[in-house]
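This report refers to the structure that appears directly beneath it.
Residue numbers (the working numbering): 558 to 817.
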């Protein structure tokens with residue numbers, strides 16, 4: 558089983574190293590391809606830096622995994638996944654592992670996450686994907702618990718492998734020692750997320766967009782609330798599909814035939 562490990566924090570991030578270690582320990586055939594620089598907020602963008610029409614790719618060696626093939630790519634995570642599944646890698650990956658993200662990916666704001674965007678892009682290609690995120694505060698202090706997902710990963714990976722093609726799972730883990738974790742919980746998405754964008758400054762010729770932590774308490778039972786209470790959370794996400802609410806058919810049934 559071949560796994561592409563990617564992220565949106567960049568090739569040198571400790572979270573990528575942690576997820577690569579977990580994938581190798583699980584016995585997967587691992588290949589790493591991640592953005593050369595920070596790409597948070599990229600969603601499922603497939604933009605890239607190109608020279609003479611080619612996406613810029615550089616072979617890298619991971620300090621703790623020198624035998625794992627790795628590339629730093631001047632592109633967003635979604636671009637990397639599309640390339641990996643569309644002819645770059647032979648054989649193509651059987652699943653995509655994305656993370657471990659520096660910060661939770663909760664609420665409907667996961668739309669903007671490059672970490673989540675990578676697995677939703679994989680789902681469009683009927684490939685399974687798992688996004689793993691660590692609930693780091695916006696302005697953290699102290700050391701990060703990059704091993705926080707160690708106990709959960711093998712079980713969640715097995716769930717993913719037993720699931721239908723195109724399944725997308727999002728695992729969020731508290732940034733605290735594993736002995737302090739409460740039980741893993743299924744969670745629905747909160748209304749927004751843990752962090753939201755805000756315009757900090759407007760001046761002639763431009764503006765500056767910053768981030769603030771969401772002040773409102775998340776609704777009980779949502780991923781944000783459970784994570785804050787010390788529960789790792791697992792949520793199945795759905796990639797882009799049509800809305801089956803019946804809105805358009807009902808409107809057309811009530812209206813005269815639309816002439817274009």
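The C-beta atom is built at its ideal place from N, Cα and C for all residues, glycine as well.
DSSP lists 688, 792 as the bridge partner or partners of residue 727.
Under the 8 Å Cβ criterion, the segment 647–656 does not count as touching the segment 602–618, having fewer than three qualifying pairs. Every unbroken stretch of the beta strand (DSSP E) spanning 3 or more residues and falling wholly within the segment 571–640 is given here in chain order: 586–592, 614–619, 622–630. In terms of Cβ geometry, residue 573 and residue 591 form a close pair [threshold 9 Å]. With respect to the 9 Å criterion, residue 693 and residue 791 are not classified as neighbours on the basis of their beta carbons. Taking a C-beta distance under 9 Å as the contact criterion, residue 686 and residue 725 qualify as a contact pair. When C-alpha distances from residue 661 are compared across 559, 776, 801, 747, the shortest belongs to 747. If you draw a straight line from the Cα of residue 723 to the Cα of residue 621, it is about 30 Å long. Closest in C-alpha terms to residue 682, from the list 636, 583, 564, comes 636.
Between residue 727 and residue 786 a beta carbon distance of about 18 Å is seen, past the 8 Å cut, so the two are scored as non-contacting.
Selection 667, 646, 632 evaluated against residue 567 yields 632 as nearest (Cα-Cα). Boundaries for residue 568: no alpha helix (DSSP H) harbours it, and the DSSP string shows neither H nor E there.
With fewer than 16 other Cβ atoms inside 10 Å of its own Cβ, residue 606 counts as exposed. In terms of Cβ geometry, residue 558 and residue 718 form a close pair [threshold 9 Å]. DSSP places residue 559 inside the beta strand (DSSP E), whose first and last residues are 559–563. Residue 667 counts as buried, since at least 16 other C-beta atoms from the protein chains shown sit within 10 angstroms of its C-beta. Considering only 744, 680, 611, the residue with the shortest C-alpha distance to residue 798 is 680. Here the C-alpha atom of residue 795 lies approximately 25 Å from the C-alpha atom of residue 646. Counting every other CB atom within 10 Å of its CB across the protein chains shown gives residue 641 a total of 16 or more, marking it as buried. In terms of CA proximity to residue 669, 565 leads the group 569, 781, 565. Within the same chain, Cβ atoms closer than 8 Å to the Cβ of residue 665 are found at 746, 747, 748, 749, 750, the five residues on either side in sequence being excluded. Residue 705 and residue 608 have their C-alpha atoms roughly 39 Å apart.
Under the three-state reduction of DSSP, residue 663 is assigned to coil, being neither helix nor strand. Taking a 10 Å sphere around the C-beta of residue 703, we find 16 or more other C-beta atoms and assign the residue as buried.
In this chain, the alpha helix (DSSP H) harbouring residue 710 covers 710–718. In summary, residue 810 is exposed, with fewer than 16 beta-carbon neighbours lying within 10 Å of its beta-carbon over all protein chains present. Per the DSSP secondary-structure output, residue 652 pairs in a beta bridge with 560, 685.
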